[in-house]
Amino acid sequence: MAEPIRVVVTGAAGQIAYSLLFSIAKGDVFGADQPIVLILLDIPPMLPVLDGVVMELQDCALPLLREVIPTDKVEVAFKDIDAAILVGSMPRKEGMERKDLLKANVAIFKTQGAALDKYAKKTVKVLVVGNPANTNCLIASKSAPSIPKENFSCLTRLDHNRACSQVAMRCGVSSERVKNVVIWGNHSSTQYPDVHHASVDLQGTVVPAYQAVKDDAWLQGSFISTVQQRGAAVIKARKLSSAMSAAKAICDHMRDLWFGTKDGEFTSMGVYAGGNTYGIPEDLIYSFPVHIKNKKWTIVEGLSINDFSRAKMDATAQELVEERDTAVDFLSQ
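The sequence shown runs contiguously to residue 386 in my numbering.
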C-alpha cells in the first residue's frame with residue numbers, strides 16, 4: 054500500500070468539516086487505496102469539540118485512516134503536509150461590512166500562508182474555502198513565496214455544481230448529463246455562471262445548453278441570480294450556511310486536482326490569473342474554466358466571449374481588484 058499522505062483541514066470543529074472529514078478519511082477524495090493522516094486545526098476554544106470529532110473518526114473504523122491529530126498550532130498542523138483545505142475563517146456577523154470581514158481574514162490567511170511557507174512541502178496543494186475565498190487565497194499565496202502560485206486555488210466548485218444542477222432540473226435530466234458550465238470570477242454575488250459553452254445530454258443526444266433549455270431569458274436572468282444568491286437562500290431557509298453541499302464541492306475539487314478532468318471536459322476553479330487570455334487582471338485569484346492533468350491545472354483557452362459575458366466577467370473582476378487592493382492595504386498597515 055502507498056505511503057500515507059498528510060492532509061490538514063482548518064476550522065475542523067465547524068459545520069463544513071463535519072460533513073467533509075468522513076469523505077476524506079473513507080477514500081472518496083484521494084483514492085480508495087491511499088492511506089491518510091488527518092490533521093485537524095482549530096482555535097483553542099474549539100479543542101474540546103475537536104476531541105469529539107477525533108473520537109467519531111476513530112469510531113468509524115476506517116481502514117485508510119492512519120492517524121488523526123487535533124491541534125491549535127500551525128507548526129503542528131502544516132508540518133510536511135501534502136494537501137491543505139483551509140475552511141476556517143472569520144464569518145461575517147450582523148452589521149459587519151465586507152471590508153471588516155476582509156481585515157479580519159487577511160490577518161488569518163497571512164499567518165497561515167507564512168506557516169505553509171515555513172512548514173509544508175513545497176508541492177503542497179492548497180484549497181481555500183473560507184470567505185472571501187478568492188482574496189483570502191491570494192493573500193495566503195503572497196504570504197508563501199516559496200510555494201508556486203499554481204499550488205493555490207479557491208473553491209468555486211460549489212457554484213459550478215449549483216449551476217449544473219439548475220440546468221439539469223430545468224431540462225429534466227440528472228446533473229452528470231450537464232457538462233462544461235463555467236463560473237467566472239469571484240465567489241460572491243458578482244460571480245458569473247456561464248452556460249454558453251455547456252452541453253446537455255438529452256437521452257443520448259448531446260446538445261448545447263441554450264438549445265436544451267430553450268429559454269434564453271431564464272438563462273440570462275433568474276438562472277444567474279439563483280446561482281449567485283444560492284448561499285444566502287440556504288442561510289435564510291436553514292438559519293445556517295451551506296455545509297453538506299460545500300463539503301461535497303470540496304471533495305469534487307480536490308479529487309479532480311488529484312486525478313484530473315476527463316478529456317474534453319472542464320471544471321471551475323479559482324486560480325491565479327497570471328497569463329490568462331481573457332483580459333482578466335493578472336494579480337488575482339479568479340475563477341476560470343480549467344483542465345487538470347498530472348495534478349496541474351491549465352486555463353481552458355479559446356472560448357468565445359460575447360458582449361453579455363464580457364460585461365459580467367469584467368464586473369466580477371473589478372470587485373476582485375477592489376478586494377485585493379483593500380486587503381493589500383491592510384497588510385501594509
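C-beta: ideal position from N, C-alpha, C; glycine also.
Start and end residues, alpha helix (DSSP H) containing residue i
i    : result
E376 : 360–385
Y325 : Run containing Y325: none in the alpha helix (DSSP H); it sits in the beta strand (DSSP E), 320–325.
8 Å contact criterion, which residue i and residue j should meet: CB distance rounded
i    : j    : result
G398 : L117 : The displayed coordinates of the chain run from 54 to 386. Any statement about residue 398 would go beyond what the structure contains.
T188 : R377 : 6 Å
L91  : A300 : Not really, about 14 Å apart at Cβ, beyond 8 Å.
K202 : E318 : With a Cβ gap of about 24 Å, K202 and E318 do not count as contacting.
Boundaries of the beta strand (DSSP E) in which residue i is found, first to last residue
i    : result
A251 : Where A251 is concerned, there is no enclosing beta strand (DSSP E), given that its DSSP letter is neither H nor E.
A136 : 136–139
Y339 : 338–346
V266 : Unbroken run through V266 is the alpha helix (DSSP H), 262–266; no beta strand (DSSP E).
I236 : 235–237
I352 : 349–352
Cβ-Cβ distance between residue i and residue j below 8 Å
i    : j    : result
D212 : S321 : yes
T1   : Y263 : A query on residue 1 cannot be resolved here, the shown segment of the chain reaching from 54 to 386 and no further.
W350 : V374 : no
A55  : V62  : no
I122 : L93  : yes
S275 : G284 : no
L191 : L310 : no
I200 : K175 : yes
C248 : V280 : The sequence shown places Val at residue 248, rather than the Cys named in the question. Cβ distance not < 8 Å, so V248 and V280 don't count as in contact.
I21  : A173 : Residue coverage of the chain in this structure runs from 54 to 386, which leaves residue 21 outside it and unanswerable.
Which complete alpha helix (DSSP H) runs does the region 62–130 hold, if anything under 4 residues is left out?
68–79, 100–112, 127–130
Does the region 128–145 touch the region 178–195, meaning 3 or more C-beta pairs lie closer than 8 Å?
yes
Does the region 348–358 come into contact with the region 319–331, if we say contact requires no fewer than three beta-carbon pairs (one atom in each stretch) closer than 8 Å?
yes
Only counting runs of 4 or more residues, tell me where the alpha helix (DSSP H) segments fall wholly within the region 161–230, in order along the chain.
186–195, 210–224
Please go through the region 268–297 and give each complete alpha helix (DSSP H) segment of 4 or more residues, from N-terminal end onward.
269–272, 275–281, 283–291
Could you tell me whether the region 301–316 touches the region 332–352, using the rule of 3 or more Cβ pairs below 8 Å?
yes
Inter-stretch contact (C-beta, 8 Å, three-pair minimum) for the region 219–229 and the region 192–205:
no
Say whether the region 120–135 touches the region 163–172, bearing in mind that this needs 3 or more beta-carbon pairs closer than 8 Å, one atom from each stretch.
yes
Would you call the region 201–218 in contact with the region 153–162, where contact means no fewer than 3 C-beta pairs closer than 8 Å?
no
Pairing CB atoms from the region 256–271 with CB atoms from the region 101–110, are three or more of them under 8 Å?
no
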